[in-house]
Every structure is written in structure tokens, then in C-alpha cells.
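To start, the structure itself, in C-alpha cells.
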Amino acid sequence: MTASLRRIELVDASGARLDLTALLANGKPTLITLWAHWCPNCRAEIAGFHKIAAACPDKWNIVFVSSRFEDYAEDLAKFRGFGLPWKIYGVSKRMASDPGEYDILRAFVGATSNGEVLTPLHYFVSSKGKVDMIVNARMDFAAPPRLAAFCADRP
């Protein structure tokens, strides 16, 4: 799965590409969160991300990704309103439209056979760039024990 993550092409609102390979190699752990404006659990997690932003905003690389290419504009507008210090990215148009990339993109967003996506979906990537855990559930980072664990120093 690590190789697949490095093949994902993410772009910001201006179309600038995120160099995910460089980000995963910068020595910090990374949390990649697939997010959607229509997902109640995604919206419920925002309070926890505010806690992370207050307690340890630079401890991890945090990358939000719109879970569906066609929803990026709405996800971006909603996400910006939360005032978090991180960006939300979309999958590049090339990746979303290239049949050769379909299986990689489908696996990344957790697409089901009927085209639905799994949200929220979190990739926890170690400081060495290895996917340690994938969680398809609401993460309550506002809970003190979880926030403390997230912000703790890692070997």
C-alpha cells in the first residue's frame, strides 16, 4: 500500500500538486484523512482536529483529501469554514479520469463496487513512510487519552 500512496496525485485549490513522496519522507508521521462535507462522522471529527491544532499542530503531517473528485469544490468551501491550519486536497483530474489509475484511486478512497466511498477513512503512516494502520471509523481526537497519544513523542 505504501507504493500506492506515493502514486496518488493530490492537488490544492490552485491546482498545485502535493509532493506526497517528499512529505512521507520528511521524518514526521503522517495522517491522511479522506473527508466529505456530506459525511456526519467527518464533520463530527472537526472538534478533535481543532484540539490537535491547539496541542501539537506540527507533530504530524496532516493531509485532508476530498473523498470524491466531483465533490472537491463543496468540500473545500465547507472545510475552509472550519479554520483549521491544514489544507484539503483533491485527487488530480488526470488521476480521476485515467482508466489506468482507476484501481489505485479506487483502493485509496475505499470505493465499493457500486461507486460509494468509505468516509471517514484515515491512513496512519509512520515517520519511515510505512502505512501502520487504516481506520474506517470516526476518530475522536478530542478525547483526552486519544489526543495525548496522538501528540506524544514517537521513537
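Numbering-wise (our numbering), the sequence shown opens with residue 193 and increments by one.
All C-beta atoms, glycine included, are put in the ideal place defined by N, C-alpha and C.
Taking C-beta to C-beta, are residue i and residue j nearer than 8 angstroms?
| i | j | result |
| --- | --- | --- |
| residue 222 | residue 317 | yes |
| residue 228 | residue 263 | yes |
| residue 313 | residue 226 | yes |
| residue 197 | residue 315 | yes |
| residue 275 | residue 203 | no |
| residue 254 | residue 230 | no |
| residue 241 | residue 280 | no |
| residue 247 | residue 339 | yes |
| residue 319 | residue 220 | yes |
| residue 201 | residue 298 | no |
| residue 217 | residue 321 | yes |
How is the beta strand (DSSP E) around residue i delimited, first residue to last?
| i | result |
| --- | --- |
| residue 253 | 253-258 |
| residue 313 | 313-317 |
| residue 321 | Element bounds for residue 321: n/a, residue is neither H nor E. |
| residue 304 | Looking at the DSSP string, residue 304 is not in any beta strand (DSSP E), and its letter there is neither H nor E. |
| residue 310 | No beta strand (DSSP E) holds residue 310; DSSP gives it neither H nor E. |
| residue 226 | 222-227 |
Please check the pair residue i and residue j, which I expect to be a contact at CB under 8 angstroms, by giving their CB distance rounded to whole angstroms.
| i | j | result |
| --- | --- | --- |
| residue 245 | residue 334 | 11 angstroms between Cβ atoms; not a contact. |
| residue 205 | residue 268 | 6 angstroms |
| residue 309 | residue 260 | 6 angstroms |
So the alpha helix (DSSP H) residue i belongs to, where does it begin and stop?
| i | result |
| --- | --- |
| residue 354 | As displayed, the chain neither begins before 193 nor continues past 347, which places residue 354 out of reach and without an answer. |
| residue 244 | 238-247 |
| residue 268 | 264-272 |
| residue 212 | 212-216 |
| residue 341 | 336-343 |
| residue 286 | 285-289 |
Mark residue i as exposed unless 16 or more other C-beta atoms lie within 10 angstroms of its C-beta, in which case mark it buried.
| i | result |
| --- | --- |
| residue 252 | buried |
| residue 305 | exposed |
| residue 327 | exposed |
| residue 325 | exposed |
| residue 289 | exposed |
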